[in-house]
Every structure is written in structure tokens, then in C-alpha cells.
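In this note's numbering, the protein residues as written are 4 to 348.
Each residue gets a CB set at the ideal place from its N, CA and C atoms; glycine is no exception.
See below:
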């Protein structure tokens, strides 16, 4: 009798688990479905450690990996399952290492073993760049089981958001009362030239000054703000930890969030840093970015103005009208975020 009950319970649990596993094979389409996937993943794998090797990712390692936090047993914190995450070069892995790896995580470039070490092993490609910026990031995709990218159409969508946006709510909006009549109130930082940047920025500068700190139309030195320059000097590359860059952006009420290309879902730190730092982004980028910013009135879209002069006049109006400017920051106080923004987070 007892054995029969145990057998029944085991069969029932196996059936339930199989049902849940099949559910995980379906890609979520809403925030609630993503949350349920996280819950199910944790439920089904809470006692199993997964080992992943991060290979071919020196640049990724310099920026993102250093933000990861670990438990005492070497597993990642805030992960749906106990996950051991090792960063190394493929050439450093022994055959035994490869046999014990559940997955190989490849950033941008293709660098994989010729064959998998066992049938269940997964090859994962990660890139946050679109095809026009990084065509080699999409080469030989047939070799990969999963793609993780900025695109909502990828197997595991991700984003350039690197902090908890809850902290953004505590950031005080830029105080426009600190501006003088002759203050420059728009900043821009970009390293790479694009046709749009080359053509459009001079048109804006014909109406208002723009403080540009990057390679594109650079007209302002970092040392114009000594405290920001000091942060730059303590790193070998001033975008490495973003402190100097963030310091600069926070000095101006508006930031030109002009991406290097236009793809759905493709929004980089050029957009998210503005929200984080208490300033208003002026957006040119993903055609659908309006659908996933924190609030419909949290940013200014270049496309909403018939010409550059009208946009410049609107910016001039905002810096003279504190109430109107603060309307772009009301989302910080309402905490009413769009679902698509929460999915980005």
C-alpha cells in the first residue's frame, strides 16, 4: 500500500515536472510570463549547479563581468539556478573541462570547439550589437543553440541597463535654476561617426550650442569640469568604468542619445545613462524605443519635430520653464513604468 502510494507520488511529480519543462520551451511574450519562467527555472533546478565557461570576451570581461557577485560556493548571486560562471580563453580549457561544461558562452566573435563534448551541452552566443555594426557577431549562427541579444526576437533578450532602475527614482532631476543665460545645456559623447550624426548635429549647433566630448565634433575638453576630468585620469580608458562619462552627462539638462544605427529594440547606454543621471535624453535610435522608455513623457524624440529649429526652440523654452522641464521627470515620482520597460530591466 505504502509502496503504491510512493510510486503514484513519484509518477505524479514526474508528470508535473515534464509539463513544466515543456512550458519552459515556449518563449514568454509578456512580463508575467517571463516572471513565471524565472520561477519555474528556479523550482526545477534549485539543487543543480550549472557550469558555464565565458570564452572569447576580453572586452566584455572588462566592463560587465566585474559587476557580477558570487556566493561563498562560487555560484552567481541573483541567478535562477546555482550557476558557476568561469571566464577564460578557449585554449586554456582541457578536454576534461569541456566535458564538465553545461554551456560555452561566446561573446560576439565565433570561438568554439569543433564539436560538443556531450549531447546536452549548449553553445550560446551573446551580442548587444546589431548586424550593421558587427556583422561577424552573426556568422555561423547554425552552430549555436541560443542567441542572447538586445532584440526581443532573440532566445534570451537582454539590454544595456546595468543598474537597478529603482535607484533612478531616487536621482534628483537636473536643477535648471543653476544655469546662467549663457550656459550650454545640451551634451553629447560619441566615438564613432555616422551619416546621421555628421549631418544633423551641425544643424542643431546652428541654433544652440552643444558640448561634445567625444571624437564626433569634439569641441569641449573633459577638464572643463575638473571633478570629471579627475575621474578620467585614474583610468586608462575613460569609458572603462563610465564614472567620468557619467559625471559629464550629469552636468547638462539634456543629452543627445543618438545611436549609431536604427534597429528595433537597439538602445545603448546613450539612452539609459540619461535616465540614470537625472537628465532628459533627446532620442534618435530604435524605431520602437517609444514603447519601452519608462514613461511616454520621459524623453524627447527628434522625429516629433518638423525641423531642427523647432526642436531647438523647445529646448530653449524648457530651460527657462522649470515646471515644463520637470514634466519630463514626473515618472521618477509616479513609479508607473510601462511593461515593456520592465521587461528591458
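- Below 8 Å, too few C-beta pairs join the stretch 336-346 and the stretch 187-206 to call them touching: fewer than three.
- Distance from the CA of residue 337 to the CA of residue 331, rounded to the nearest whole angstrom, comes to 12 Å.
- Contact check for residue 282 against residue 177 passes: the beta carbons are separated by less than 8 Å.
- Annotation for residue 54: the continuous beta strand (DSSP E) segment containing it runs 53-58.
- Take the alpha-carbon of residue 163 and the one of residue 155: they are about 13 Å apart.
- Along the length of the stretch 276-317, whole beta strand (DSSP E) runs at least 3 residues long occupy 283-287, reported in chain order.
- Under the 8 Å Cβ criterion, the stretch 245-252 does not count as touching the stretch 261-271, having fewer than three qualifying pairs.
- Nearest C-alpha to residue 259 among 277, 227, 76, 269: 277.
- DSSP links residue 189 through a beta bridge to 257.
- Going by C-alpha positions, residue 347 is about 7 Å away from residue 161.
- When the Cα atoms are used, residue 85 and residue 218 turn out to be separated by approximately 43 Å.
- DSSP, read as helix, strand or coil, puts residue 201 in helix.
- Counting of Cβ neighbours within 10 angstroms places residue 27 among the exposed residues, the total staying below 16.
- For residue 215, the pairing in a beta bridge is given by DSSP as 191.
- An exposed status is given to residue 33, since fewer than 16 other beta-carbon atoms sit within 10 Å of its beta-carbon.
- The C-alpha of residue 311 lies about 7 Å from the C-alpha of residue 206.
- With a 10 Å radius around the Cβ and a threshold of 16 neighbouring Cβ atoms, residue 153 comes out buried.
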